[in-house]
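Read through the structure below, which is laid out as structure tokens, and then see the notes.
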Amino acid sequence: MSTRENILGRVRDALKRKVSPQDTASIDAHIAAHPLGMQPLRDWEPELRFRARAEALASTVEKVASLQSVPGAVARYLVVNNLPTGGICWPSLRKLDWIGAGLGMEDRPARGDDLVGVTGCFCAVAETGTLMFLSGPDTPAAASLLPETHIAIVEAARIVPFMEDAWALLRAERGSLPRAVNFVSGPSRTADIEQTVTMGAHGPYRVHIILVG
Amino acid sequence: MELRSNEFKARAAANLGNEKLQKGLGLIKVKAVVNRANAVAEFGDFETLREAGKEIRNRALADLDLYLERFEREATARGAVVHWAENASEACRIVVDIAKQNGVKTAAKSKSMVSEEVGLNDALIEAGIEPIETDLGEYILQINDAEPPSHIVMPVIHKTAEDVADLFHAKHGTPRKTDPAALTREAREILRPKFLSADMGVSGANFLIAETGSTLIVTNEGNGRLCTTLPRLHVAITGIEKVVATLEDVSTLLRLLPRSATGQAITNYVSLHTGPKRLEETDGPQQFHIVLVDNGRSKLLAGEMREMLRCIRCGACMNHCPVYQAVGGHAYGWVYPGPMGNILTPSYVGLENAVALPNAATMCNQCGVVCPVKIPLPDLMRKLREEQMVRGLKPWTERAGLALWGWAAQRPALYALGTRIAVRFMKWLGGSEKLIHRLPLASGWSDGRDFPAPAGRTFRELYKERRT
Ligand code: SF4
């Protein structure tokens, strides 16, 4: 017998399973229904909550009226913070007028020494001030991870109240999960040394969120 | 990891006098405990949330075989390779084989307690593969001659910034610095090229999701994301008990885990991995292997310790344990310290190899109160103590003492006489200070503390006097 059969056999013995293991009705129903668990009381408006939470997690947030205004906002943010005015962006954002805003944004895969990465996001979760990213050819995961500064563009209309709403959106729009789903809540941090919170452990030192809408 | 749990008493005694360790442990009370309390209060009805977490974990365990098979089917359908490991050596062999077949020279690792449990680093080194710990705490331990972690969430809680400053200065040859931010930057700069050149990434999995065949990890540093995005191979190694049913179930558990662990509403990063890199993707591993480790878990499922399998490894039980707070994680002598370790260690390595652990608790139930999945930790420790008694694993003095007490307690007149003599003797021992510095036959109790002397009369004497 294989290790797999041994382990599953012991699990079945431990559970005193009488029905045949082929009978998976008990779990199928639960998975198909995927009922909501416990969510906190919702006494907030999603966009306000998202902003407050994201800022509490040391992200910065601004809002612009349309996608066309994004390159200008990115340029202002980088200049004000004395950051380089070039970097990489998701291929899905290549059509924005970066050059017009004085920026050099390349739509190539991120390298270890890139300093600025601009991405969109799939949606955002208000409860925790979290951004949700799906990996894909036009939305590579490393762009939000390797650069020291991460700028994320978020459609205000795609701020959902809870993580469960993000799953519902994913099921409705995509059907299945991409290779990687990344939830990001602020700059990377560590508190390993004397429990002192320090930003910029291995990921970005700063996350700037541009709400559109 | 080397097992030293039977040295608990000696190591605990030594740690009580270790000033640096005591400084780190002191921070738990003012930081981890306070942060958790604030996060719990901010959430609102945390009690109902704990109940929901318990139910989700119970549901998964009640049909563990079916959920594991469903997980395997979904993961495989998306191109992941699922491996099953009976024990530690099998788990190591599987990972080493994957590495060898793919010509792997270096493996970037994000924090995984199961990899500590099975001793993966040693196995990799033996096979000529260099493991690189990338979690800041684990990295510090690795360059300090592979020192074991002393906490499951904060592995270097026993070290001060000064210790890390000395270590980095010695190992990196850089100017000495003590600022945690500067130390973190230094580690980042040393590790970044290693991430970029590593052939294989090794992670754990906080949860396995049966619905989608995904593994899920929570991290704050981002090293987990780097390990699972950049190298051409990703191996996730975890226990068979980590499976949960749905994305909704895991969403509920994610409200419990970071709040209980560090007082965060969510960790910086929550990452789900489903299969390897897809066609046309520019990043992600070409191969994704998932190693499901039993190593004693199916045995636990069959016995009285089953509730322990609900554990989501948050560390709250140790943060709130007066014994852990006093002696630190290394005293426990294996991977899992604190109350959860008091149960897991004897369960996984044998009660006879961890005799002191079920007794390393005051039964105050602080752990049971904070555990996010409501594991009745003191009850489980009590059951292990009973088993020790039955199997004759208690020292003869303790067994003889209890037998003598049982014999006397059945003879009320004799019992009354005995206790009257004893309390008068103890009052005399306490002298004018009313403190006993050394208890005969129980020096283990009185070596590290004074015992308050009794008033000199028994409860029954005082009670009788009040009644008349
Ligand atoms: S036993 Fe409970 S409190 Fe302790 S680590 Fe596990 S889940 Fe957390």
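First to last, the protein sequences are chains A and B. Going by numbering that gives the first Met the number 0, the first sequence opens with residue 0, and the numbers climb by one from there. Going by numbering that gives the first Met the number 0, the second sequence opens with residue 0, and the numbers climb by one from there. Virtual Cβ for every residue (Gly too), placed ideally from N, Cα, C.
Alpha helix (DSSP H) segment containing residue i, residue limits
i	result
B:M317	A315 to N318
B:R56	F45 to A61
B:F458	F458 to R466
B:P480	As displayed, chain B neither begins before 0 nor continues past 467, which places residue 480 of chain B out of reach and without an answer.
A:G229	The structure shown does not extend to residue 229 of chain A, since chain A is modelled only from 0 to 212, so the question has no answer here.
A:A151	Careful: A:A151 lies outside any alpha helix (DSSP H), inside the beta strand (DSSP E) at T148 to E154.
A:T195	Taken as a continuous stretch (DSSP letters only), A:T195 belongs to no alpha helix (DSSP H), as it is neither H nor E.
B:I27	E18 to V29
B:G223	N222 to T228
Close beta carbons around residue i, own chain, < 8 Å, minus the five adjacent residues each side
i	result
A:P203	G116, S143, L144, P146, E147, T148, H149, P186 and S187
B:F42	L48, R254, R258 and A264
B:P321	T361, C363 and Q365
B:E460	R419
B:C226	A107, K108, S109, T133, F194, A197, G200, V201, S202 and H233
Cross-chain neighbours of residue i in chain B, by beta carbon under 8 Å
i	result
A:A179	T227, T228, S270, L271, H272, T273 and G283
A:L144	G221, R224, L225 and T228
A:S25	D62 and L65
A:F182	I265, Y268, V269 and S270
Neighbouring residues, chain A, relative to residue i (Cβ below 8 Å)
i	result
B:E279	P136
B:A31	Q194
B:F42	P39
B:K276	R178
Residue i - containing beta strand (DSSP E), residue span
i	result
B:S270	Y268 to H272
A:T129	T129 to L133
A:M162	Premise fails: A:M162 lies in the alpha helix (DSSP H), M162 to E172, not in any beta strand (DSSP E).
B:E6	Neither: B:E6 is in no beta strand (DSSP E) and is coded neither H nor E.
A:N281	In the structure as shown, chain A starts at 0 and stops at 212, and residue 281 of chain A therefore has no counterpart that could be examined.
B:P130	E129 to E132
A:A100	That residue, A:A100, is in no beta strand (DSSP E); it is neither H nor E in DSSP.
A:V115	V115 to T118
A:V69	No beta strand (DSSP E) contains A:V69, which is instead part of the alpha helix (DSSP H) from V69 to V79.
A:I87	G85 to C88
B:A301	Not the beta strand (DSSP E): B:A301 falls in the alpha helix (DSSP H), residues R296 to A301.
Cutoff 9 Å: residue i Cβ touching any chain A Cβ
i	result
B:L135	yes
B:E89	yes
B:S297	yes
B:R312	no
B:P336	no
B:S114	no
B:P174	no
B:T211	yes
B:T105	no
B:G23	yes
B:S149	no
B:L119	no
B:M153	yes
B:L20	no
Same chain, Cβ closer than 7 Å to residue i, five either side skipped, listed in chain order
i	result
B:P154	G136, E137, L140 and P148
B:L428	I435 and A452
B:T273	R77, T211, G212 and S213
B:E220	D134 and L135
A:L56	G128, S184 and G185
Min CB distance residue i to chain B below 9 Å
i	result
A:Q67	no
A:A151	no
A:R75	no
A:H207	no
A:W166	yes
A:M198	yes
A:P160	no
Distance cut-off 8 Å: residue i Cβ against heavy atoms of the ligand FMN
i	result
A:E154	Although the ligand FMN was asked about, the structure shown includes only the ligand SF4 as ligands.
Same chain, Cβ closer than 6 Å to residue i, neighbours up to 5 away in sequence not counted
i	result
B:V201	A106, K108 and V234
B:V95	A122 and A126
B:L190	T133
Beta-carbon neighbours of residue i, restricted to chain B and to distances below 7 Å
i	result
A:T127	A264 and I265
A:E163	E247 and S250
Residue i: contacting residues in chain A (beta-carbon distance under 9 Å)
i	result
B:R191	G111, D112, L145 and H201
B:D144	The premise fails here: B:D144 is roughly 18 Å from chain A at the closest Cβ pair, so nothing lies under 9 Å.
Proximal chain B residues relative to residue i, where beta-carbon distance stays under 9 Å
i	result
A:N80	Neighbours of A:N80 on chain B: none; closest Cβ ~18 Å, over 9 Å.
**Q.** Every unbroken beta strand (DSSP E) inside the stretch 168 to 215 of chain B [3 residues or more]
**A.** The qualifying runs are 199 to 202 and 206 to 208.
(Q) In chain order, what are the residue ranges of uninterrupted alpha helix (DSSP H) at least 4 long that sit wholly in the stretch 62 to 127 of chain B? (A) 63 to 76, 87 to 100, 112 to 117 and 119 to 125
Q | Completely contained alpha helix (DSSP H) runs for the stretch 321 to 397 of chain B, where each covers 4 or more residues | A | 321 to 326, 337 to 348, 365 to 369 and 376 to 389
Q) Can you list the alpha helix (DSSP H) stretches of 4 or more residues lying completely in the stretch 14 to 65 of chain A, in chain order? A) 24 to 32 and 45 to 55
(Q) Please give the ranges of any alpha helix (DSSP H) in the stretch 237 to 293 of chain B, keeping only runs that are unbroken, at least 4 residues long and fully inside the region. (A) 246 to 261
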